[in-house]
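Here's the structure we're looking at; comments come further down.
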Amino acid sequence: MGRNALRFSNRVCPVCGSRSVARDEMKGITICTNCGAIIERRDTKRAHRFDIAQQLARENGLTFQQLLKRLGVSEASLYSQLESMIAMDYVVQIGDVYKLTRRGSKWYHSELGKQWGY
Ligand SMILES: [Zn+2]
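For the sequence shown, the numbering used here gives the first residue as 4, with consecutive numbering after it.
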């Protein structure tokens, strides 16, 4: 995944009239690179359970901010997925660190198996 995922669009900035309007895929926003106005904010980058589990399995625990940075998803979608994973007993929150539970780890490995077809 590209870290500098700026894609120029053909839109015109409604604030300054500049044509240097770009979409930041990482942040899910459309921004004017001339005046910095955020023209559109969309939750196009939604968090997925499997991706969260994968990060947590690798690191044995990450904070919300670390997950946010690694996944490049919106805060709202990450938060709601983590909440549901906690409710399912896949993830446990200790202090500000999220960890995969045994159940979550089992689920992750079975999903991983499905991906590879075994
Ligand atoms: Zn502008």
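All C-beta atoms, glycine included, are put in the ideal place defined by N, C-alpha and C.
Simplified DSSP assignment, three categories, for residue i
i     : result
Glu43 : strand
Met88 : helix
Lys48 : coil
Gly75 : coil
Any non-hydrogen atom of ligand 1 closer than 7 Å to residue i Cβ
i      : result
Asn13  : no
Ala25  : no
Val18  : yes
Ala40  : yes
Asn63  : no
Ser77  : no
Ser113 : no
For residue i, the residue or residues it bridges with in DSSP
i     : result
Asp27 : Leu9 and Ile32
Gln96 : Tyr101
Leu65 : Tyr101
Mind the definition here: the region 19-37 touches the region 55-68 only if three or more C-beta pairs lie below 8 Å; say whether that holds. Too few Cβ pairs lie closer than 8 Å, so no.
Sufficient close CB pairs (3 or more, under 8 Å) joining the region 50-57 to the region 79-92: They touch, by the three-pair rule.
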